[in-house]
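In the order they appear, the protein sequences are chains A and B.
So the first sequence is numbered by this note's numbering: it starts at 10 and just counts up by one.
So the second sequence is numbered by this note's numbering: it starts at -2 and just counts up by one.
Beta carbons: idealized from backbone N, C-alpha and C, even for Gly.
Quantities reported herein were computed from a predicted structural model and do not represent experimental measurements.
Here is the structure we will look at.
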Amino acid sequence: MEATSTLPVRAVTRHERWYWLRYVGRGLIYAFTIALGIIFMLPFFWAVTSAFKPPWELYIFPPTWFPREFRPGNFVQIWQVVPFARWTLNSVIIAFFNVVAEVFVASAVAYGFSRYRFAGRDVLFVILLSTMMLPAYITIIPAFLMYRALHWIDTHLPLIVPSFFGGGAFNVFLLRQFFMTIPMDFDEAAYVDGANSFTIFWKVLMPLSKPAISTVAIFAFLGSWNNFLGPLIFLNTTSKFTLPLGITYFRVAPMDSSEPRDHLLMAASVTVTLPAVILFFAAQRYFISGIVMSGLKG
Amino acid sequence: MTAEAASRLHKASQWKRRQNLLGYLWISPWLLGFVIFTAGPMIASLVLSFTNYRIINVPKWAGLGNYVYALTKDELFWPSLGITFYYMLIAVPTGLLGSLLLAMLLNQRVRGESIFRTLFYLPSLTPAAAAALLWAWLLHAEVGLVNYLLSLIGIKGPPWLGSVRWAMPAIILITLWTSMGGGRMIIFLAGLQGVPQELYEAAEIDGAGGWRKFLHITLPMISPTIFFNLVLGIIGALQVFTTAYITTKGGPGRATWFFALHIYTNAFEYFDMGYASTLAWFLFLILLVFTIIQLRLSEMWVYYAGSA
């Protein structure tokens, strides 16, 4: 409402002769924004439309915008030609553990940093923040050797266990910032009522922090769901693959024959992306608040 | 000392002990994790970087051998650094400008702002592997959508990922699509919305036009978010891996042999753990230098409202 009333009215009163220019300007902004929106969506559209085509239709020129022969069966076939169900299960299990670990462990660590005045706290917090900038390559080689010594290579443990130790620096930061906004009076009141440190954390802070916890849970899920480098390095056996690693299979490994499989590749890519997109629409505001938090105090 | 003061002192030290004990107890998972998964491996990788260690043999001390080898003998060391810098020099500025432009469009109070925001944001949700596979198909030399659209305006498109010349621009295009409307745009948008409206109104009264308002109010006020995005952008650009690994595997003819790909190949394809650690430390040092330079330079151009 504001947008429609303020700008043109002010323009009319001040520069009466040029007010129509405002409309042209607005029109251009809309045209430009819509054009960009279309460009951003075009790859998705192309993936979906290709995923519904039969193989023969993928390789004709000019390509068709909509499938002439509509083949929803591609989405069934991906579950049959590769262990897609197995990969989905692997991805779901790993994501489940990562989300649980990151939510609870990061909350606990954030509680320590925000509520206790222990020696060396501020230095440790700066160290925690600086680990966010550390490139993965600096630790991944010794980590690989360590997992190898533990016989963890080609198991899901390297993708799960580390999240139980710290819960992710960014998550700790986000939750700590959130806890800081909850007045200490709440803790003290509970303490006077006989609550101990754990009860205050569990019964006072956690219930009050649901928005921040939702944000952490969402980003933990996405981080785990989208992870490619970890599974690539730690997993060898096809049946242990996660979805992002699995879908590359349609491209690199020849299966039954040399028949093109790009239609299946597209169907698989669309299927893998879908949960993230659904999550976004279900919890849009937590996304935005989480990202904005990360940019604060840059 | 009175008994009362003594008991107060005792209580104070008890409080302090309690704070220390409980504080460390709560952060212990992170502290343990930091030692096991960050500090320990960092030291280990530093030590490994001075050894010859091809996973099958025991590590042998090599002194600076690996470092000298990287700088003088490794035929892919300098090219891979060059390729990574080339990517960074193009992708970081265009990505920043693109994200800022998108945020500014959304900040124009367009109707359906949240719809457009969603449209711009969705690509960043796509798993990197899926995005790379999807774009490899879009950029298909003969039947890809991109070359089809180019053919409509009379241009014969290149084979993109299959061409030495166009593979890098193609990878830049892919990463721009996935990152331009992502977190960076949202952070810019929050920064733009945080600029006090009074400043614009005051400038309007002084007769400032759109461009001057942007230059003298918007830019200084959002300079902290530009800085934040720039630092993260450079850190990300120096570590590009998944997109290149999936679309080109560093080819054709090593045209997209990114530094991260060089580390990965040495570590997990040649299993040359000593040399790969050396490469990882080069990456770390380069990142460190870049971050320090940026922190220094930021004093000259980043404006923090509220500080003098």
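CB contact check: residue i to chain A, cutoff 9 Å
i	result
A125 of chain B	yes
M270 of chain B	yes
P120 of chain B	yes
N17 of chain B	yes
G20 of chain B	yes
A3 of chain B	no
E195 of chain B	no
W134 of chain B	yes
S176 of chain B	no
L292 of chain B	no
V140 of chain B	yes
F82 of chain B	no
L235 of chain B	yes
Y306 of chain B	As displayed, chain B neither begins before -2 nor continues past 305, which places residue 306 of chain B out of reach and without an answer.
M39 of chain B	yes
Q105 of chain B	yes
W208 of chain B	no
P26 of chain B	yes
G30 of chain B	yes
T(-1) of chain B	no
I243 of chain B	yes
Rounded separation between residue i and residue j - CA only
i	j	result
T48 of chain B	N54 of chain B	11 Å
T123 of chain B	A67 of chain B	36 Å
K13 of chain B	W27 of chain B	22 Å
L137 of chain A	A128 of chain A	15 Å
Y50 of chain B	I33 of chain B	21 Å
T239 of chain B	L133 of chain A	32 Å
A292 of chain A	I52 of chain B	45 Å
F243 of chain A	T164 of chain A	7 Å
Q236 of chain B	A56 of chain A	27 Å
A226 of chain A	M50 of chain A	27 Å
Y242 of chain B	P249 of chain B	12 Å
W74 of chain A	Y267 of chain B	44 Å
A252 of chain B	A221 of chain A	43 Å
F306 of chain B	Y120 of chain A	Residue 306 of chain B cannot be examined here, being either before or after the span of chain B that is shown, -2 to 305.
D271 of chain A	T215 of chain B	46 Å
V85 of chain A	L73 of chain B	44 Å
Y61 of chain B	T262 of chain B	With the sequence shown as reference, residue 61 of chain B is identified as Leu, and Tyr is not the correct amino acid for it. In a straight line, the C-alpha of L61 of chain B is about 21 Å away from that of T262 of chain B.
T247 of chain A	W161 of chain A	16 Å
M142 of chain A	I232 of chain B	7 Å
M177 of chain B	W132 of chain B	16 Å
F289 of chain A	P38 of chain B	35 Å
G188 of chain B	M218 of chain B	8 Å
A152 of chain A	F93 of chain A	28 Å
G109 of chain B	I47 of chain A	14 Å
9 Å Cβ cutoff, residue i in contact with chain B
i	result
A292 of chain A	no
D271 of chain A	yes
V213 of chain A	no
I149 of chain A	yes
I103 of chain A	no
T257 of chain A	yes
N235 of chain A	yes
M193 of chain A	no
G176 of chain A	yes
R278 of chain A	Looking at the sequence itself, residue 278 of chain A is Ser, so the reference to Arg does not match. It does; some Cβ of chain B falls within 9 Å.
V282 of chain A	Here residue 282 of chain A is Thr; the residue named in the question, Val, does not match the sequence. Judged by the 9 Å Cβ criterion, T282 of chain A is in contact with chain B.
W55 of chain A	yes
F296 of chain A	yes
Cβ neighbour criterion (16 or more within 10 Å) applied to residue i
i	result
R162 of chain B	exposed
Y301 of chain B	exposed
T190 of chain A	exposed
E66 of chain A	buried
R19 of chain A	Low confidence applies here, because R19 of chain A scores a pLDDT of 48, under 50, leaving its location unreliable and the question unanswered by this model.
P253 of chain A	buried
K62 of chain A	buried
S59 of chain A	buried
W381 of chain B	Given a span of -2 to 305 for chain B in the structure shown, any question on residue 381 of chain B remains unanswerable.
P284 of chain A	buried
F77 of chain A	What sits at residue 77 of chain A in the sequence shown is Arg, not Phe. Looking at its Cβ environment, which holds fewer than 16 other Cβ atoms inside 10 Å, R77 of chain A is exposed.
W208 of chain B	exposed
Cross-strand partners of residue i (DSSP beta bridge)
i	result
T48 of chain B	B:W58
Supposed contact pair residue j and residue i - C-beta distance, whole angstroms, cut 8 Å
i	j	result
N107 of chain A	A229 of chain A	5 Å
L186 of chain B	N104 of chain B	6 Å
T42 of chain A	L102 of chain B	5 Å
L45 of chain B	I297 of chain A	With a Cβ gap of about 42 Å, L45 of chain B and I297 of chain A do not count as contacting.
beta-carbon residue i near the ligand FAD non-hydrogen atom, thresh 8 Å
i	result
A273 of chain B	This structure does not include the ligand FAD; it has no bound ligands of any sort.
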